[in-house]
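If you want the working numbering, it's the 1-based position in the sequence shown plus 197. Here's the structure we're looking at; comments come further down.
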Amino acid sequence: PLAAQQAAPSVTLFSSGQALVRRTLPVRLPAGTSTQPLVLGIFDPASFAVLDRTVQVAAVRYDGATTEDALLRRNIGQVFTFPQGDAGGVVRARLLAVDPERWEIVDAGATRWQGVVFARPGRLMWDASLVPLAPIADVTLVAERARDVLPVMYRAPGGSWAAGYRVYLGASGRIEGTAQVNAGTLDLQNANVQLLAGDIGRQAQPMPMAMAREADFAGRGAQGGVVAISESVGEVKLYTLPGAISFTPGTQTVVPLFAPAAVVPELRLTVPGSLPFYGGIGQETDEVEVPVMVSYRLPHELKTPFGDLPLPAGAVSVFDTDAGGRVQLVGQGSIGHTAPGEQVEVQTGTAFDVSARRTQTEYATTRATGPTRVVATVGYSVTLKNAKDSAVTVEVREDRGGEWNVISSSVPAVRRSSSRTVFPVRVPAGGEATLTYRIRVVW
């Protein structure tokens, strides 16, 4: 008989769309060489391994299809029954080959047929024991001794996970983290689930991906405040989810990554620069409107409840409360993998009440001596307007590679790196402020 699936498998999910499955199968495995039909679902046969040093894998034969044609190929030599009309008569025939099908009549019943035919002698009636509910792998094993269980490991396509965060603004702000677990093609009951965050690299030959059914949503929130436990394994992070999860193909489960943590997000407004990072600088003819980018920086210092948390990459939703006390979605962004103590900043969109317009006020170029080089002096004016009822600070930024420097500015320039200089401009409530600066650029 086909090996039954044992409860409580262990699954590690990757964000790349694959799962590492570890299971102990109840298999009557004799000593020596034998071939075992294993119902493992859709998986990568090249990844199949036995987690027992006394058992060696000699061969894995796998057909992921469960169509009738695929089942016929598996059952060449099998005798099938073909009902004949409504009188209850049957014809029994042995399948000799496929493509094309050839059948040997072994019991013609009342028809008295005999010989080999190239067409089915009626409607094929399948025995339920021959129709698996999942793809089957025929695994040839060499065992040093007989045993009743077989610990195995394999990769399955389709299963994946993603982190998601909700940030609430205000003095009593907080952040919540969740793990969204996608079953993909996995069909397992009561699995212990771990989530791996980090880059493990890619194989030169990616395993084939099977098409999953359209996903339904089966969300599950935190129960009793139980959250995932994180640990470091090698150079990646591993999150062990509480309890057990059942995977049904196409469904999604949501569980908390950590308990809600108090944070007070800092609003940051930024005007991007006008300089190309490399190459020449052109002359601009008119004033241009430039976006004011919105981001939120979250305190994430070590030795704080939130700062000690590792944060896997994921989508971030930012919420604020309106005048009527209703929670509103005000921004969306994402973060990368963030180690404990590392800075967390989420870029969400552009400002509505704060605007900026930039004008090129000066442009002059000269040829430098020696190797052909151009030295340019360029001046800019940036007018910032604030329609809010409170003052804001806007950071006007310039990014440029190579040789360049600020000659003068109406607001002191802050050199963040060899390629970035910023001008923090305070804009009063309901008012405006103007920044002027001149730069020297060589290319």
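Beta carbons are placed, not taken as given, at the ideal position from N, Cα and C, and that holds for glycine.
Check                                                                                                                                                                                       : Outcome
Quick one: what does DSSP say R271 is sitting in, helix, strand or coil?                                                                                                                    : helix
Closest by CA to G367, which one among L495, Q275, G381?                                                                                                                                    : L495
When you compare only the Cα positions, how much space is there between D335 and V314?                                                                                                      : 29 Å
By Cβ distance, which residues of its chain are closer than 8 Å to S587, with the 5 residues on each side in sequence left out?                                                             : A626
If you draw a straight line from the C-alpha of V468 to the C-alpha of R555, how long is it?                                                                                                : 10 Å
Could you tell me how far apart the beta carbons of V247 and V349 are, in whole angstroms, since I believe they sit closer than 8 Å?                                                        : 6 Å
Under the three-state reduction of DSSP, which class applies to A415: helix, strand or coil?                                                                                                : Per-residue confidence for A415 stands at a pLDDT of 35, beneath the threshold of 50, marking its modelled position as unreliable; no derived number is given.
Taking 8 Å as the cut-off, decide whether the C-beta atoms of S245 and V257 are in contact.                                                                                                 : First, the residue type needs correcting, since residue 245 is Phe and not Ser in the sequence shown. In contact: F245 and V257 (Cβ atoms closer than 8 Å).
Leaving out five residues on either side along the sequence, give the residues of the same chain with a beta carbon under 6 Å from the beta carbon of R219.                                 : S207, M350
From F277 to N389, what does the alpha carbon distance come to, in whole angstroms?                                                                                                         : 41 Å
Please go through the same chain and pick out, in chain order, the residues whose beta-carbon is closer than 8 Å to the beta-carbon of E629, but skip the five residues on each side of it. : T580, L581, K582, N583
Excluding sequence positions up to five away, which residues of its chain have a Cβ less than 6 Å from the Cβ of S213?                                                                      : none
Among G479, E542, V364, V254, whose alpha-carbon lies nearest the alpha-carbon of T518?                                                                                                     : V364
Would you say the beta carbon of Y634 is closer than 7 Å to some non-hydrogen atom of the ligand COA?                                                                                       : With respect to small molecules bound, the structure shown includes none, and the ligand COA cannot be examined in it.
Name the one or two DSSP bridge partners that Y645 has.                                                                                                                                     : The question about residue 645 has no answer here: the residues shown for the chain are numbered 198 through 640.
Only counting the same chain, and skipping five residues up and downstream in sequence, which positions put a Cβ closer than 6 Å to that of V487?                                           : V468, A553, R555
Which class does A216 belong to by DSSP, given the choice of helix, strand or coil?                                                                                                         : strand
Thinking S649 and N379 are a contact (beta carbons under 8 Å), I'd like their distance in whole angstroms, please.                                                                          : Because the chain is modelled from 198 through 640, residue 649 falls outside the range shown and cannot be assessed.
Taking C-alpha atoms, which residue in G521, F549, D505, G511 lies nearest to G538?                                                                                                         : D505
For V224, list the residues DSSP reports as bridge partners.                                                                                                                                : Paired residue(s): none; V224 is not in a bridge.
Quick one: give me the first and last residue of the beta strand (DSSP E) that V208 is part of.                                                                                             : 207 to 211
Using a Cβ-Cβ cutoff of less than 7 Å, which residues in the same chain neighbour G530 once the five nearest sequence positions on both sides are dropped?                                  : V513, V543, Q544, T545
Is DSSP giving A380 helix, strand or coil here?                                                                                                                                             : coil
Hey, could you find the ends of the beta strand (DSSP E) W601 is sitting in?                                                                                                                : 600 to 606
Between the alpha carbons of V611 and V603, how many angstroms are there, rounded?                                                                                                          : 10 Å
Just checking, does the region 311 to 326 make contact with the region 279 to 290 on the three C-beta pairs under 8 Å criterion?                                                            : yes
Given a cut-off of 8 Å on the beta-carbon distance, is the pair D296 and A331 in contact?                                                                                                   : no
Roughly how many angstroms lie between the CA atoms of G355 and T558, to the nearest whole one?                                                                                             : 56 Å
Put G431 into one of helix, strand or coil per three-state DSSP.                                                                                                                            : coil
Between V593 and V622, is the Cβ-Cβ spacing less than 8 Å?                                                                                                                                  : yes
Report yes if the C-beta distance between L347 and L268 is below 8 Å; otherwise report no.                                                                                                  : no
Report back the beta-carbon spacing between G477 and W640 to the nearest angstrom; my notes put them in contact at under 8 Å.                                                               : 6 Å
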